[in-house]
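Here the sequence shown is numbered in my numbering, starting from 2 and rising by one per residue.
Written out below as structure tokens is the structure these notes cover.
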Amino acid sequence: MQYLIGCCERPQYAIRTRYLPGIVGLNNIKANDYCNVILQALSGVAPLRDYMLRDENYRDIKRPPGDNMFLIVQRFGELLRKLWNPRHFKAHVSPHEMLQAVVLCSKKRFQITNQGDPVDFLSWFLNSLHIALNGTNKDSSSVIYKTFRGRMRVYSKKLFPTDPEHQPKVYDPAEYEVKEEKMPFMYLTVDLPSQPLFRDDQRENIIPQVPLSVIMAKFNGIQEKEYKTYKDNTLKRFEIIKLPKYLILYMKRFTRNTFFTEKNPTIVNFPIRNVDFGDVLALEARKANPENVYDLVANIVHEGEPNKGTYRCHVLHRGSGKWYELQDLHVTEILPQMITLSESYVQIWQRTSAPFKDVIKGKTNIKDTTIAPTAGEDAGEKVQFDEDNNAVPDEKSSSLPKDEVEKSVEMTEDGKEAFEEQVFSVESHEVVAPASGEGLKGEKGLKRKLEED
Numbered sequence: 002m003q004y005l006i007g008c009c010e011r012p013q014y015a016i017r018t019r020y021l022p023g024i025v026g027l028n029n030i031k032a033n034d035y036c037n038v039i040l041q042a043l044s045g046v047a048p049l050r051d052y053m054l055r056d057e058n059y060r061d062i063k064r065p066p067g068d069n070m071f072l073i074v075q076r077f078g079e080l081l082r083k084l085w086n087p088r089h090f091k092a093h094v095s096p097h098e099m100l101q102a103v104v105l106c107s108k109k110r111f112q113i114t115n116q117g118d119p120v121d122f123l124s125w126f127l128n129s130l131h132i133a134l135n136g137t138n139k140d141s142s143s144v145i146y147k148t149f150r151g152r153m154r155v156y157s158k159k160l161f162p163t164d165p166e167h168q169p170k171v172y173d174p175a176e177y178e179v180k181e182e183k184m185p186f187m188y189l190t191v192d193l194p195s196q197p198l199f200r201d202d203q204r205e206n207i208i209p210q211v212p213l214s215v216i217m218a219k220f221n222g223i224q225e226k227e228y229k230t231y232k233d234n235t236l237k238r239f240e241i242i243k244l245p246k247y248l249i250l251y252m253k254r255f256t257r258n259t260f261f262t263e264k265n266p267t268i269v270n271f272p273i274r275n276v277d278f279g280d281v282l283a284l285e286a287r288k289a290n291p292e293n294v295y296d297l298v299a300n301i302v303h304e305g306e307p308n309k310g311t312y313r314c315h316v317l318h319r320g321s322g323k324w325y326e327l328q329d330l331h332v333t334e335i336l337p338q339m340i341t342l343s344e345s346y347v348q349i350w351q352r353t354s355a356p357f358k359d360v361i362k363g364k365t366n367i368k369d370t371t372i373a374p375t376a377g378e379d380a381g382e383k384v385q386f387d388e389d390n391n392a393v394p395d396e397k398s399s400s401l402p403k404d405e406v407e408k409s410v411e412m413t414e415d416g417k418e419a420f421e422e423q424v425f426s427v428e429s430h431e432v433v434a435p436a437s438g439e440g441l442k443g444e445k446g447l448k449r450k451l452e453e454d
């Protein structure tokens, strides 16, 4: 496994071309691009990939006689071994056997000749893998639940009907009280704001933009949303109590009715690194799990009309830190800035450590890192610098005990600058200068400012 991972970090050679293992195109037989993007996105999820690459992990699992659901596990493992093979003859892979197993196990619900919805396929595929691996209702029963399953608390309140014809003859107060229920989830559905009805001065439709933090406020336990059915209306609010290792977000872009399907072109603005999802966690869950920083690892985009569009996938290559766009057999490198301008449909986020952990290792620029203050902390404090770009010690922070600070690790000589005796306050997340007064050295110095929460 270590040899395989080592080979995947550098380009490999095929016939007349080079390729990166794991960043390989898939054949589009006719209209199976909605399956290809899900398979390519899941191939970058490290726990699932490492489990499926080893056949001995699931080879001895016993299923009832006549059950063909285990076939999808075998075919998915074979496909991942092809995608991550460092000795390819050609720089592309055919998912024909995998798609045949999907058609058979889904009883022709998902076809390779008809366009489908990636979210429907993703939901069915993850649950089918969990069942085929003899998973139960426990979070630790399979690699699927360990990786993608989270939990939320749902508060629901039934609304009293305003129409006299639908009002009940007997009023029961207990029926209209707030009810609390804990529910698991495999992905989160976020609602996009409706597009404007009017055009701008140039007779063109305005494409709205919305930050990721605004649409994620649906799960902060405060915002309420009304859900209507043929029978009654209910107010619901959601509060997340557990975030998974890999968080899947589904942007609800399509609205279907009896006559047509409408697409919402709203663009979601989001950073691709160091996104703190702790704001949507319940207070007790935030204290129990303070590290809730996520990095984007896969982004699925829909392009075109609602019923005739195509899907493509943006995947992060960990060895080089570059992003690649996969659309069937076409693999091209893409700038990270272009990902945020696309019409994202499905995103996969990976939980990482606190942002300062990557800064100490020299992987992240500290000025591009957003530090989220903990609960009850004042986020208005900033680091002061003198004319020589040296950090000025603060009286409050310099009086911290020694057990609450840690020294940073120095970079190698090839690095541009060395962090000498730099210490970080664990509670307030602010840089503290050494007691000796020797500032941070370097040609450019440390001209950085922590962003307020």
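The beta-carbon is built from N, C-alpha and C at its ideal position, and this holds for glycine as well.
Item: Do the CB positions of residue 174 and residue 168 come within less than 7 Å of each other?; Value: no
Item: In the structure shown, what three-state DSSP assignment does residue 192 receive?; Value: strand
Item: Just list the residues that DSSP pairs residue 299 with in beta bridges.; Value: 316, 349
Item: What is the rounded straight-line gap between the Cα of residue 278 and the Cα of residue 293?; Value: 6 Å
Item: What does DSSP give as the partner residues of residue 499 in its beta bridges?; Value: A query on residue 499 cannot be resolved here, the shown segment of the chain reaching from 2 to 454 and no further.
Item: Using DSSP bridges, identify the partner residues of residue 326.; Value: 315, 333
Item: How many Å lie between residue 21 and residue 338 at the Cα?; Value: 22 Å
Item: Considering just the uninterrupted stretch of the beta strand (DSSP E) at residue 151, what are its terminal residues?; Value: 151–159
Item: Looking at the strands, I want to know which residues DSSP matches up with residue 210.; Value: 268
Item: Of all the options 193, 156, 130, which has the alpha carbon lying nearest to the alpha carbon of residue 187?; Value: 130
Item: According to DSSP, is residue 93 part of a helix, a strand, or is it coil?; Value: strand
Item: So, does the stretch 209–226 touch the stretch 175–183, judging by three or more C-beta pairs under 8 Å?; Value: no
Item: Going by Cα to Cα distance, which pick from 51, 59, 84 is closest to residue 41?; Value: 84
Item: Taking the alpha-carbon positions, what's the residue 390 to residue 322 distance?; Value: Confidence at residue 390 is low in this model, with a pLDDT of 43, below 50, so the placement of that residue is unreliable and no value is reported for it.
Item: Would you kindly work out how many angstroms separate the C-alpha atoms of residue 472 and residue 222, rounded to a whole number?; Value: For residue 472 there is no data in the structure shown, the boundaries of the chain being 2 and 454.
Item: Taking the continuous alpha helix (DSSP H) assigned at residue 122, which residues delimit it?; Value: 119–133
Item: Can you have a look at residue 34 and say buried or exposed, based on whether 16 or more other CB atoms are within 10 angstroms of its CB?; Value: buried
Item: Please name the residue in 160, 118, 44, 53 whose C-alpha comes closest to that of residue 71.; Value: 53
Item: Excluding five sequence neighbours on each side, which residues of the same chain lie with their C-beta closer than 6 Å to the C-beta of residue 353?; Value: 294, 296
Item: Give every residue of the same chain whose Cβ lies closer than 8 Å to the Cβ of residue 193, excluding the five residues on either side of it in the sequence, and list them in chain order.; Value: 211, 216, 252, 253, 254, 265, 267, 269
Item: I want to know whether the stretch 46–62 touches the stretch 307–315 - three or more CB-CB distances under 8 Å.; Value: no
Item: What residue range is occupied by the uninterrupted alpha helix (DSSP H) comprising residue 199?; Value: Here residue 199 belongs to no alpha helix (DSSP H), and DSSP marks it neither H nor E.
Item: Buried or exposed: which applies to residue 349, given that a residue is buried once 16 or more other Cβ atoms fall within 10 Å of its Cβ?; Value: buried
Item: Are the stretch 53–67 and the stretch 103–116 in contact at 8 Å, needing three or more beta carbon pairs?; Value: no
Item: What's the C-alpha gap between residue 79 and residue 241?; Value: 35 Å
Item: Check each candidate in 342, 191, 92 and name the one with the smallest Cα separation from residue 220.; Value: 191
Item: In this structure, does DSSP put residue 261 in helix, strand or coil?; Value: coil
Item: By a C-beta neighbour count over all protein chains shown, 10 Å radius and 16 as the cutoff for buried, is residue 95 buried or exposed?; Value: exposed
Item: For a test of the three-state rule: what should DSSP assign to residue 99, helix, strand or coil?; Value: helix
Item: Short of 7 Å in beta carbon distance, which residues of its chain neighbour residue 29, apart from the five on each side in sequence? Order them along the chain.; Value: 37, 329
Item: Going by DSSP, what residue range makes up the beta strand (DSSP E) through residue 234?; Value: 234–243
Item: If I measure Cβ to Cβ from residue 39 and keep anything under 7 Å in the same chain, skipping five residues before and after, which residues do I get?; Value: 119, 122, 123, 126
Item: Would you kindly work out how many angstroms separate the C-alpha atoms of residue 340 and residue 43, rounded to a whole number?; Value: 18 Å
Item: What is the rounded straight-line gap between the Cα of residue 262 and the Cα of residue 346?; Value: 16 Å
Item: Among the candidates 298, 281, 133, 299, whose CA atom is the shortest distance from the CA of residue 291?; Value: 281
Item: Between residue 243 and residue 151, which are expected to be in contact by the criterion C-beta below 8 Å, what is the C-beta distance as a whole number of angstroms?; Value: 5 Å
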